[in-house]
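S.K.: Below are the structure tokens for one structure; questions will follow.
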Amino acid sequence: MRVLVLGAGVIGTTTAWYLAAAGHEVAVIDRQPAAGMETSRGSLGQVSVTHPEPWAAPGMRTRVLATMLGRDAPLRMPLRFDTSAWRWAASFLRECGSERFEHNLRQLAAFAVYSREQLDDLRRQTGLDYERRDQGLMHFYTSEATMRAAERTTAILADHGAIRHMLDRAEAVRVEPALAALGSRLIGASVGDDETGDAHKFTRELARVAAEQGVHFHYATRIVGLVRQAGRITGVQVQPLVGLEPRTRTLTAEAFVLAAGTHSPAIARQVGVRLAIQPAKGLSVTVPIRRPEQLAQRSLGDESLGIGITRLGDRLRIGGTVSLVGDDLSIDERLVGRMVARGRELFHDACDWHKGTTWCGLRPATSSGLPYVGRSAIENLYLNTGHGALGFTLAAGSARALVDILGGLRPPVQFGFSGPAGQSAARSGQQTFRPAGAPSDRRG
Ligand SMILES: Cc1cc2nc3c(=O)[nH]c(=O)nc-3n(C[C@H](O)[C@H](O)[C@H](O)COP(=O)(O)OP(=O)(O)OC[C@H]3O[C@@H](n4cnc5c(N)ncnc54)[C@H](O)[C@@H]3O)c2cc1C
24 MRVLVLGAGV IGTTTAWYLA AAGHEVAVID RQPAAGMETS RGSLGQVSVT
74 HPEPWAAPGM RTRVLATMLG RDAPLRMPLR FDTSAWRWAA SFLRECGSER
124 FEHNLRQLAA FAVYSREQLD DLRRQTGLDY ERRDQGLMHF YTSEATMRAA
174 ERTTAILADH GAIRHMLDRA EAVRVEPALA ALGSRLIGAS VGDDETGDAH
224 KFTRELARVA AEQGVHFHYA TRIVGLVRQA GRITGVQVQP LVGLEPRTRT
274 LTAEAFVLAA GTHSPAIARQ VGVRLAIQPA KGLSVTVPIR RPEQLAQRSL
324 GDESLGIGIT RLGDRLRIGG TVSLVGDDLS IDERLVGRMV ARGRELFHDA
374 CDWHKGTTWC GLRPATSSGL PYVGRSAIEN LYLNTGHGAL GFTLAAGSAR
424 ALVDILGGLR PPVQFGFSGP AGQSAARSGQ QTFRPAGAPS DRRG
């Protein structure tokens, strides 16, 4: 089948590779001059299978309220006049209820475990080099409440094969001596055997491999709109961004996969498909490493500041924070300062802290934390978007599952895939692939 993928971030590129591997004729469109240049560029690179908690969690309502009142918190939701943002925020608050949280967590855990299996397989097949490390992931806690919540979550994750272990303060310091710098503020930690890697390098390298296998990448090409005729998508209107005459032309295909990150809702809206995705800004700062022996071996998650710390080759990246501020790409130096301060506190002079490069990106966030993967209300328009804080973690699983769905098969994982229930299942002779209780914003 001829398939057009809209967007060459980590999601679109991985989808293109899987589609080509399944024998489809594939082309990808992106406005950037290369793959992975937007949100997939400065990620922390955690394949966070053992810590996939959605942001919408019990206790988060109070934290959101605190930000609205102007106090500092990891998730910042300032007041602004945008009805879709307000609808999203109301839905987010509903998803914070403990039942919804557990439902979403279970879905993410199952999908993340499946995705890790697919990533292993992809790496075996391609031999990709992307600064991968498999030393594990440790989240540390500086409040009793977050530690107790993490203990409850650990038990739920175990049901799905996402295994992590809780450590008390002494055990945490024994495993990662750098945490001793936190003194009595450290309550404990959770540790899993997750891997990390440079998501940007992964995307770029996978695009190179996919191109060698025949995938055509239309870079520096803006998607202007979708062409809909007789209830189907027949083409994508595009405009080249280089050259003197930006003439609009139409690229045609039999199926279309929307993977345009935070821009997916605007593209989908043109053909009447509503996607509840909001841009959630995050920052990262990357510094050269001078003394690797002083660093943590594992990638770290700091629950109190809402940040993570990862080694990527000879660089250390600290990133995170969540601001729902629309398309604003300005960098809050105060937040960067706080990240660097935490790095210095833990690792002292292990890095050239004054040589940091800062970056920010817009995560495509749904209120539940669950991405749209599957069909839309339009028969040949497929969705692979809205991965929020877990795009690198879920890329391989989402792409592999989408290829199954496009081929009329039910993916072998318990997850609330998007789209009219049962359509493809009917062809594969299986049950519907939308599990009962899937969240309301998951319809195309
Ligand atoms: C600070 C930070 C840290 C993160 N850390 C992690 C982590 O450790 N682990 C993890 O799993 N995830 C992490 N994430 C999340 C992850 O980066 C995202 O989920 C992921 O990058 C989303 O990928 P995407 O392909 O959907 O979007 P993008 O990478 O944004 O790709 C969308 C593509 O669509 C193209 N596009 C959009 N509109 C148009 C148009 N009109 N015409 C042409 N092209 C268009 C864009 O150019 C872009 O290349 C982090 C995010 C941030 C911000």
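FYI, the numbering used here numbers position 15 of the sequence shown as 38, with every residue one higher than the one before it. For glycine and all other residues, C-beta sits at the position ideal for the given N, C-alpha and C. This one's a predicted model, so the numbers in the text were calculated from it and none came from an experiment.
1) Using 8 Å for Cβ pairs, my map puts R340 next to T309. What's the rounded Cβ distance?
2) Between A50 and L27, how many whole angstroms is the CB-CB distance? I'm expecting something under 8 Å.
3) Please indicate yes or no: does the CB of S63 lie closer than 7 Å to some heavy atom of ligand 1?
4) Out of P394, L369, V359, which has the shortest C-alpha to C-alpha gap to H377?
5) Verify the contact flag: V33, CB atom, against every heavy atom of ligand 1, threshold strictly below 7 Å.
6) Between V265, V259, L347, I401, which lies nearest to Y242 when the distance is taken from Cα to Cα?
7) Give me, in chain order, the residues of the same chain whose beta-carbon lies closer than 7 Å to that of W111; leave out the 5 immediate sequence neighbours on both sides.
8) Using the DSSP secondary-structure output, state which residues sit across from V471 in a beta bridge.
9) Check this for me: beta carbons of H183 and V136, under 8 Å apart or not?
10) Any heavy atom of ligand 1 closer than 7 Å to the CB of S391?
11) Which runs of the alpha helix (DSSP H), 4 residues or longer, sit entirely within the segment 155-234?
12) Any chance the segment 350-369 sits against the segment 186-196, with 3 or more Cβ pairs inside 8 Å?
13) Can you name, in chain order, every residue of its own chain whose Cβ lies under 7 Å from the Cβ of Q446, other than the five neighbours on each side?
14) Are G159 and I186 closer than 8 Å when you measure CB to CB?
15) For the segment 392-419, which segments carrying the beta strand (DSSP E) assignment without a break, of at least 3 residues, lie completely within its bounds, in sequence order?
16) Taking the C-alpha atoms as reference points, what is the distance between E218 and A422?
17) Could you name the residues of the same chain whose beta carbon sits closer than 7 Å to that of V426, not counting the 5 residues immediately before and after it, in chain order?
18) What did DSSP end up calling I341 once you bin it into helix, strand or coil?
19) Given 7 Å as the limit, tell me if D53 has its C-beta closer than that to any heavy atom belonging to ligand 1.
20) Secondary structure at R313, three-state DSSP: helix, strand or coil?
21) Just grab the DSSP bridge partners of G248 for me.
22) Spell out the partners DSSP gives L274 in its beta bridges.
23) Is it true that the segment 159-171 meets the segment 323-333, where meeting means three or more beta-carbon pairs spaced less than 8 Å apart?
24) Can you give the Cα-Cα distance for V436 and L145, rounded to whole angstroms?
25) Report the rounded CA-to-CA distance for V261 versus Y405, giving the unit in angstroms.
26) Who are Q69's beta bridge partners in DSSP?
27) Indicate the three-state DSSP secondary structure (helix, strand or coil) for Q446 in the structure shown.
28) Hey, is Q69 close to ligand 1, as in C-beta under 7 Å from one of its heavy atoms?
29) With a threshold of 7 Å (Cβ to nearest heavy atom), would A283 be considered close to ligand 2?
M.R.: Looking at the atomic coordinates:
1) The residue labelled residue 340 in the question sits at position 317 within the sequence shown. The residue labelled residue 309 in the question sits at position 286 within the sequence shown. At roughly 5 Å, the Cβ-Cβ gap stays under 8 Å, so R340 and T309 are in contact.
2) Taking the first residue of the sequence shown as position 1, residue 50 is located at position 27. Taking the first residue of the sequence shown as position 1, residue 27 is located at position 4. Right, the Cβ-Cβ distance comes to about 5 Å (below 8 Å), so this counts as a contact.
3) Residue mapping note: residue 63 aligns to position 40 of the sequence shown, counting from 1. Correct: S63 has its Cβ closer than 7 Å to ligand 1.
4) Here the question's residue 377 lines up with position 354 in the sequence shown. Of the candidates P394, L369, V359, the one whose C-alpha sits nearest the C-alpha of H377 is V359.
5) Numbered from 1 along the sequence shown, position 10 holds the residue referred to as residue 33. Checking the Cβ of V33 against ligand 1 gives yes.
6) Taking the first residue of the sequence shown as 1, we reach residue 242 at position 219. Closest option to Y242, Cα to Cα, is V265.
7) Counting from 1 along the sequence shown, the entry for residue 111 is found at position 88. Once the five neighbours on either side are set aside, the close Cβ partners of W111 are A299, Q301, S390.
8) One cannot answer for residue 471 here, as it falls past the ends of the chain, which runs 24 to 467.
9) Stepping through the sequence shown from its first residue, residue 183 is reached at position 160. Stepping through the sequence shown from its first residue, residue 136 is reached at position 113. Taking 8 Å as the Cβ cut-off, H183 and V136 qualify as a contacting pair.
10) Here residue 391 refers to the residue found at position 368 when the sequence shown is read from its first residue. It does not: the Cβ of S391 is nowhere closer than 7 Å to a heavy atom of ligand 1.
11) With a minimum length of 4 residues, the continuous alpha helix (DSSP H) runs that stay inside the segment 155-234 are 167-181, 192-198.
12) The segment 350-369 is not in contact with the segment 186-196.
13) For the purposes of this step, residue 446 is taken as residue 423 along the sequence shown, with counting starting at 1. Note on Q446: pLDDT 44, under 50, position unreliable in the model; no value is reported.
14) The residue you call residue 159 lines up with position 136 of the sequence shown. The residue you call residue 186 lines up with position 163 of the sequence shown. No, these two residues do not count as a Cβ contact at 8 Å.
15) Counting whole runs of 3 or more residues, the segment 392-419 contains the beta strand (DSSP E) stretches 395-398, 404-408.
16) If you number the sequence shown from 1, residue 218 lands on position 195. If you number the sequence shown from 1, residue 422 lands on position 399. Taking the CA atoms as reference points, E218 sits about 19 Å from A422.
17) Position 403 of the sequence shown, counted from the start, is the residue given in the question as residue 426. Answer for V426: Y41, L42, A45, listed in chain order.
18) The count along the sequence shown starts at 1 and reaches residue 341 at position 318. The answer is strand: DSSP assigns I341 an E or B state.
19) Reading the sequence shown from its first residue, position 30 is the one you call residue 53. Taking the Cβ of D53 as the reference point, at least one heavy atom of ligand 1 falls within a distance shorter than 7 Å.
20) Locating residue 313 in the sequence shown gives position 290, where the first residue counts as 1. Correct three-state label for R313: coil.
21) Residue 248 sits at position 225 when you count from the first residue of the sequence shown. Beta-bridge partners of G248 (DSSP): Q260.
22) What you label residue 274 is simply residue 251 of the sequence shown in a count that begins at 1. For L274, which the question treats as bridged, DSSP gives the partners V259.
23) Contact between the segment 159-171 and the segment 323-333 is present, because at least three Cβ pairs lie under 8 Å.
24) Working through the sequence shown from its first residue, we reach residue 436 at position 413. Working through the sequence shown from its first residue, we reach residue 145 at position 122. Approximately 18 Å between the Cα atoms of the pair.
25) Along the sequence shown, one-based indexing puts residue 261 at 238. Along the sequence shown, one-based indexing puts residue 405 at 382. So the alpha carbons of these two residues sit roughly 19 Å apart.
26) By one-based count along the sequence shown, residue 69 stands at place 46. Note: Q69 sits in a beta bridge opposite T219.
27) Working through the sequence shown from its first residue, we reach residue 446 at position 423. Legend: pLDDT at Q446 = 44, less than 50; position of this residue unreliable, no value from coordinates given.
28) Position 46 of the sequence shown, counting from 1, holds the residue named residue 69. Between ligand 1 and the CB of Q69, the shortest heavy atom gap is smaller than 7 Å.
29) Ligands present in the displayed structure are limited to ligand 1, and ligand 2 is not among them.
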